[in-house]
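Working notes, structure below.
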Amino acid sequence: MERSTTSWLRTLGIQLSLCFALYIVLNLGQPQKLVYNDNGSPFDLYFISVRGGFRSLQEQTHLLKLMGNVAKAYDLKFVVNISELGEDDPLMQNVTRLSPLLNVPWYTTGGSKHDGFGCFLHQVKLPRGRMLDILSLNTASLQDTVVVGSPSGKRGNLSNWLTRTLKATTSDWRVVVGFHPLVACKENEEEFTAKLINEPLHHIFVKFGVNVYLSQQGCFSYALQDNVAYIGNPGLIKENSRLGYGNGRYRIRTEMTDGFLLHRLGSLEMVTYFVTSAGEIVNKIVVQQRGRQVM
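Residue numbers for the sequence shown follow the numbering used here, so the first one is 16 and each next one is one higher.
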């Protein structure tokens, strides 16, 4: 009992130290490495995912400054921009003025020039011979087929590309990104539960061991379905919107909140923090390899 209490206090102390140090990095711009790294390893890889779209110039500059502080402190490897505007996204256009992010690669959803229908695979080498797959899906084509009613058209092309690409890789981690969320809310009395929007894509995720699907946030900030973690990037949250969780709990936001997700990828887990534009860490998600668990 005594040993269990000591272990719990040590874990709590480490997490508080991480949050405090990250707050200093975000708000004071100190490019220092963290002494307490939330059980992290020197071999961990850090990247950011951020919701693109239109913001005022002041809001863009402030958000990119916070991201630049993180880039310096964590040796950031790349940024994933979740946007339906592709490479014309205003946030990406403005980043060229900020030196801390100049040398960090940016990958964006929507309208990618990598192929004819806006999908691409980017592979990142990890320490010890491991590999991370970043697969971007042009989910706008899914919305088009809903309207047109032709499941064998663009939707079929998207599914075929995803299946073919996943079959051809043997990476340790697989993260799929798209603009549109694939999990919706299902209201049951006073609770909200997660409901899949696209079952065929989800079956492909499960079959080929996709760990995470990143998108803009719908009604859930994250949900776990059949060992696949669906994580939504809040971006600008509208007033009175529900910031929900896949276990049915939710809370109401009455203010505008902007920010980004900081991801730490290790050999066995991916830890995700939602960092607000005020430099506050308000959420933490842990995904075990092959998406076995989310906390």
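Every residue, glycine too, gets a C-beta built ideally from N, C-alpha and C.
{"query": "Opposite residue 63 in the DSSP bridges: which residues?", "result": "94, 277"}
{"query": "Is the stretch 93 to 100 touching the stretch 177 to 188 in the sense that three or more CB pairs, one from each, lie closer than 8 Å?", "result": "no"}
{"query": "Taking DSSP as the reference, what is the three-state secondary structure of residue 282?", "result": "coil"}
{"query": "Terminal residues of the continuous beta strand (DSSP E) containing residue 301?", "result": "296 to 303"}
{"query": "Specify the secondary structure class of residue 223 as computed by DSSP and reduced to three states.", "result": "coil"}
{"query": "Could you tell me whether the stretch 294 to 301 touches the stretch 62 to 79, using the rule of 3 or more Cβ pairs below 8 Å?", "result": "no"}
{"query": "To which residues of the same chain is residue 9 closer than 8 Å at the C-beta, ignoring the five residues directly before and after it?", "result": "Outside the shown range of the chain (16 to 310) lies residue 9, about which nothing can therefore be said."}
{"query": "Taking just the CA atoms, how far does residue 106 sit from residue 75?", "result": "6 Å"}
{"query": "Output yes or no for whether 8 Å exceeds the beta carbon distance between residue 192 and residue 287.", "result": "no"}
{"query": "Looking at the secondary structure, which residues open and close the beta strand (DSSP E) in which residue 248 lies?", "result": "243 to 248"}
{"query": "Based on Cα-Cα distance, which residue from 242, 174, 248, 140 lies nearest to residue 8?", "result": "What the structure shows of the chain is the stretch from 16 to 310, and residue 8 is not part of that stretch, so it cannot be assessed."}
{"query": "In the DSSP assignment, the alpha helix (DSSP H) including residue 137 goes from what residue to what residue?", "result": "Segment 135 to 140 is the beta strand (DSSP E) holding residue 137; no alpha helix (DSSP H) there."}
{"query": "Quick one: Cα of residue 134 to Cα of residue 122, how far?", "result": "11 Å"}
{"query": "In angstroms with no decimal places, state the Cα-to-Cα distance between residue 212 and residue 199.", "result": "6 Å"}
{"query": "Can you tell which of 233, 227, 232 has the C-alpha that lies nearest to the C-alpha of residue 239?", "result": "227"}
{"query": "The alpha helix (DSSP H) that contains residue 72, what's its start and end?", "result": "72 to 89"}
{"query": "Quick check on residue 293: does DSSP put it in helix, strand or coil?", "result": "coil"}
{"query": "Go through its chain and collect everything with a Cβ distance to residue 264's Cβ below 6 Å, but skip five positions before and after it.", "result": "Its pLDDT being 42, under 50, residue 264 is placed unreliably in this model, and the value from its coordinates should be taken loosely. Cβ neighbours of residue 264 beyond the five flanking positions: none."}
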